[in-house]
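With positions in the sequence shown counted from 1, the corresponding number in our numbering is that position plus 1.
Using N, Cα and C, we set each Cβ at its ideal position, and we do this for glycine too.
One structure is given here, and the rest of the page talks about it.
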Amino acid sequence: MPGFLDQDIKFLSGVGPKRAELLGKELGIKTFSDLIYYYPYKYIDRTKFYKIKEVHSQMPFIQVKGKIVSLETVGVGNKQRLVARFRDDTGWLELIWFKGVKYQQENLKLNIEYTIFGKPSEFNKRINVVHPEIEQEGTQVLKPSGIFQGYYITSENMKKKFINSKVINKLQLILLEKITGKIEETLPSILIDKLKLMSLEESLKNIHKPENTIALKNARFRLKFEELFKVQLKILALKHQRENKFKGFTFSKIGYNVNTFYNDFLPFELTNAQKKVIKEIRVDVNGTHQMNRLLQGDVGSGKTLVALMTMLMALDNGFQACLMAPTEILAQQHYTSISKFLVGMNVEVRLLTGSTKNSEREVLHEMLISGELPILIGTHALIEEVVQFKNLGLVVIDEQHRFG
């Protein structure tokens, strides 16, 4: 059954069919939910006011109270602009509008106090603010109650049709007034209590209209935690599905290859981290489920050695193994290092890349199919259709993210 947040965005006050179409096309906002989960990209403290004498062009934004003492249209046609002189008790600056000139001219009043907000710049040694946010004192219908105002990314096409960050902010405030008691919690209460998380409703309110810096921090933490929590749940679900769908090969024994390498050819003592990972891999490959493990470590931490010992486990159980690297240089490096590790053992290791000659490829293909070649190292050339193994049991992928 559709909930409150599933309503079409066109039914929100201030939107309507035309704005709804634009919001959907430009930002993918089609429902109340899409809007409430469209977060600000930055926040600005709107409690700070400046005097005009303090303003300079390097400031990221200003907020000033004062009065418009003159209005003048300059230029003609498409080059027409409206220039207002804005004054407080310390000086004056110019407000400039290139768009909406007629509207502003009809609505702005002289000698009435306004609050302006915008980015200051300098032209002809005069400070000006182009297209400032401007509100007459005492008329702010939707003035934020928090100390921060959120700013939202909008497209150029939206700005041309007068839907800017300020409009998005107002729509958010309208929606926030309606959500009280209508947001269902999405995390288990035991998890919320244990981690002392802010409720989902309060998080959504404070991500758009923070009461203070602590509330904003807690809202961000809650929403980021939930996002990562859902990712973890999806990963666990995929893992569970994979375990049920794909049965792995069981490496039930540690035999001659692993024992000989460990006792006679290991170039150095394994670190505690390497020993721990090898034990975990041993448990994985001894089961019936397909192992899908990420081996992570700094450069030089010994990942290749762990991968090699896992390959030797495959060999001890009658399987072949391969290692695929994203580039020929990396594949060559792995081939060189693994060949050195196994130089005293009777274990054949070969390299297959895009540069491998056809005559060598034919020999490799025959050795793979016959089972004479236990370990093959290479690039994406390993996954070409013509490459067939007799009994492949383990695949190691180096820097998997680089394969796309």
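Requested in this report: Along the alpha helix (DSSP H) that carries Gln-275, what are the first and last residues, could you check?
Outcome: Within the sequence shown, numbered from 1, the residue matching residue 275 stands at position 274. 273-286 is the span of the alpha helix (DSSP H), which, as asked, contains Gln-275.
Query raised in the report: In chain order, which continuous runs of the alpha helix (DSSP H) of length 4 or greater are located wholly inside the stretch 173-220?
Result: The DSSP assignment places 190-196 and 201-209 as complete runs of the alpha helix (DSSP H) inside the stretch 173-220, in order along the chain (cut-off: 4 residues).
Query raised in the report: At which residues does the alpha helix (DSSP H) containing Gly-151 begin and terminate?
Result: On the sequence shown, residue 151 is found 150 positions in, with the first residue counted as 1. Secondary structure note for Gly-151: it is in no alpha helix (DSSP H), and the uninterrupted beta strand (DSSP E) holding it is 149-152.
Report task. Counting only the same chain and skipping the five closest in sequence on each side, list residues whose C-beta sits under 6 Å from that of Leu-143. Result -> For the purposes of this step, residue 143 is taken as the residue at position 142 of the sequence shown. Confidence at Leu-143 is low in this model, with a pLDDT of 42, below 50, so its placement is unreliable and the value that follows should be read with caution. Here the set comprises Lys-171 and Leu-174.
Report task. Determine the DSSP secondary structure at Val-259, reduced to helix, strand or coil. Result -> For this step, residue 259 is matched to residue 258 along the sequence shown. Helix, per DSSP.
Report task. Return the residue from the list Lys-304, Ser-356 and Met-310 that minimises the CA-CA distance to Asp-399. Result -> Reading the sequence shown from its first residue, position 398 is the one you call residue 399. Selected option, being the one with the closest Cα: Lys-304.
Query raised in the report: In chain order, what residues of the same chain have a beta carbon less than 8 Å from the beta carbon of Glu-329, not counting five sequence neighbours either side?
Result: As a working note, residue 329 is residue 328 in the sequence shown. When the five nearest sequence neighbours on each side are left out, the beta carbons in the same chain lying within less than 8 Å of the beta carbon of Glu-329 are those of Thr-354, Gly-355, Ser-356 and Thr-380, in order along the chain.
Query raised in the report: Among Val-307, Tyr-104 and Phe-230, which residue has its Cα nearest to the Cα of Leu-267?
Result: Taking the sequence shown and counting its residues from 1, the one referred to as residue 267 is at position 266. Put simply, of Val-307, Tyr-104 and Phe-230 the residue whose alpha carbon is nearest the alpha carbon of Leu-267 is Val-307.
Report task. In the DSSP assignment, find the unbroken beta strand (DSSP E) run with Lys-66 in it and report its ends. Result -> Here the question's residue 66 lines up with position 65 in the sequence shown. Taken as a continuous stretch (DSSP letters only), the beta strand (DSSP E) holding Lys-66 covers 63-75.
Requested in this report: Please name the residue or residues paired with Thr-116 in a DSSP beta bridge.
Outcome: In the sequence shown, residue 116 corresponds to position 115, counting from 1. Secondary-structure assignment with DSSP links Thr-116 through a beta bridge to Lys-66 and Glu-136.
Query raised in the report: Hey, quick one: how far does the beta strand (DSSP E) through Glu-95 stretch, first residue to last?
Result: Looking up residue 95 in the sequence shown gives position 94. That run of the beta strand (DSSP E) goes 92-98.
**Report entry** Opposing strand residues paired with Leu-1 [DSSP bridges]
**Finding:** Only positions 2 to 405 of the chain appear in this structure, which leaves residue 1 out of reach.
**Report entry** Nearest residue (CA-CA) to Glu-202, options Tyr-38, Gly-92, Val-388 and Val-387
**Finding:** The count along the sequence shown starts at 1 and reaches residue 202 at position 201. Ranking Tyr-38, Gly-92, Val-388 and Val-387 by Cα distance to Glu-202 puts Tyr-38 first.
Report task. Using alpha carbons as the reference points, say which of Arg-88, Asn-359, Glu-157 and Gln-291 lies closest to Tyr-115. Result -> Along the sequence shown, read from residue 1 onward, the residue named residue 115 stands at position 114. Taking only the C-alpha atoms, the option nearest Tyr-115 is Arg-88.
Query raised in the report: Near Gly-17, which residues of its chain fall below 8 Å by C-beta distance, leaving aside the five closest residues on each side in sequence?
Result: Within the sequence shown, the letter at position 16 stands for residue 17. Hits under 8 Å: Lys-11.
Query - Rounded C-alpha distance that separates Asp-265 from Phe-252 - result: Locating residue 265 in the sequence shown gives position 264, where the first residue counts as 1. Locating residue 252 in the sequence shown gives position 251, where the first residue counts as 1. Whole-angstrom Cα-Cα distance: 22 Å.
Requested in this report: Check each candidate in Tyr-42, Val-70, Glu-134 and Pro-133 and name the one with the smallest Cα separation from Leu-111.
Outcome: If you number the sequence shown from 1, residue 111 lands on position 110. For the residues Tyr-42, Val-70, Glu-134 and Pro-133, the minimum Cα distance to Leu-111 belongs to Val-70.
Query - Residues sharing a beta bridge with Ile-45, DSSP - result: As a position in the sequence shown, residue 45 is number 44, starting the count at 1. Paired residues: Gln-150.
Report task. Report the three-state DSSP secondary structure of Asn-293 (helix, strand or coil). Result -> Looking up residue 293 in the sequence shown gives position 292. Coil at Asn-293, not helix or strand.
Requested in this report: Measure the Cβ-Cβ separation of Leu-239 and Cys-323 and say whether it is below 8 Å.
Outcome: Residue 239 sits at position 238 when you count from the first residue of the sequence shown. Residue 323 sits at position 322 when you count from the first residue of the sequence shown. For Leu-239 and Cys-323, no; Cβs fall outside 8 Å.
Report task. Give the single residue among Met-314, Lys-31 and Glu-138 whose Cα lies nearest to the Cα of Gly-394. Result -> Counting from 1 along the sequence shown, the entry for residue 394 is found at position 393. With distances taken between Cα atoms, Gly-394 lies closest to Met-314.
Query raised in the report: Which whole-angstrom value is the C-beta distance of Ile-45 and Gly-67, which I expect to be below 8 Å?
Result: The count along the sequence shown starts at 1 and reaches residue 45 at position 44. The count along the sequence shown starts at 1 and reaches residue 67 at position 66. About 19 Å separates the Cβ atoms of Ile-45 and Gly-67, ruling out a contact at the 8 Å cut-off.
Report task. Could you say which of Asp-90, His-290 and Val-364 lies nearest to Asp-65 if we only look at CA atoms? Result -> For this step, residue 65 is matched to residue 64 along the sequence shown. Reading the sequence as shown, one finds Val at residue 65 and not Asp. Closest option to Val-65, Cα to Cα, is Asp-90.
Report task. Mind listing, in chain order, the continuous beta strand (DSSP E) runs of no fewer than 3 residues lying wholly within the stretch 321-367? Result -> Entirely contained in the stretch 321-367, the beta strand (DSSP E) runs reaching 3 residues are, in chain order, 321-325 and 350-353.
Report task. Check whether the Cβ atoms of Ile-113 and Gln-137 lie closer than 8 Å to each other. Result -> Locating residue 113 in the sequence shown gives position 112, where the first residue counts as 1. Locating residue 137 in the sequence shown gives position 136, where the first residue counts as 1. At the C-beta level, Ile-113 and Gln-137 come within 8 Å of one another.
Query raised in the report: Does the Cβ-Cβ distance between Ile-184 and Leu-205 come in under 8 Å?
Result: Reading the sequence shown from its first residue, position 183 is the one you call residue 184. Reading the sequence shown from its first residue, position 204 is the one you call residue 205. Yes, the Cβ-Cβ distance between Ile-184 and Leu-205 is below 8 Å.
Query - Which residues DSSP lists as bridging Asn-129, in chain order - result: On the sequence shown, residue 129 is found 128 positions in, with the first residue counted as 1. Under DSSP, Asn-129 takes part in a beta bridge, and its partners are Glu-95 and Ser-122.
Requested in this report: For the alpha helix (DSSP H) holding Ile-37, just list the boundary residues, first then last.
Outcome: If you number the sequence shown from 1, residue 37 lands on position 36. Ile-37 -> alpha helix (DSSP H) spans 33-37.
Query raised in the report: Where does the unbroken alpha helix (DSSP H) through Val-307 begin, and where does it stop?
Result: Locating residue 307 in the sequence shown gives position 306, counting from the first residue. Taken as a continuous stretch (DSSP letters only), the alpha helix (DSSP H) holding Val-307 covers 304-317.
Query raised in the report: Which residues bound the beta strand (DSSP E) around Leu-377?
Result: The residue labelled residue 377 in the question sits at position 376 within the sequence shown. Residue range 376-379 is occupied by the beta strand (DSSP E) that includes Leu-377.
Report task. For Leu-406, name the three-state secondary structure that DSSP assigns. Result -> Lying outside 2 to 405, the shown extent of the chain, residue 406 is not represented and no answer is given.
**Report entry** Assigned secondary structure, Phe-247 (DSSP; H/G/I helix, E/B strand, else coil)
**Finding:** Locating residue 247 in the sequence shown gives position 246, where the first residue counts as 1. It is coil, neither helix nor strand.
Query raised in the report: Along the chain, where does the alpha helix (DSSP H) that runs through Ala-21 open and close?
Result: To locate residue 21, count along the sequence shown from 1; it is residue 20. From DSSP, the alpha helix (DSSP H) with Ala-21 extends over 17-28.
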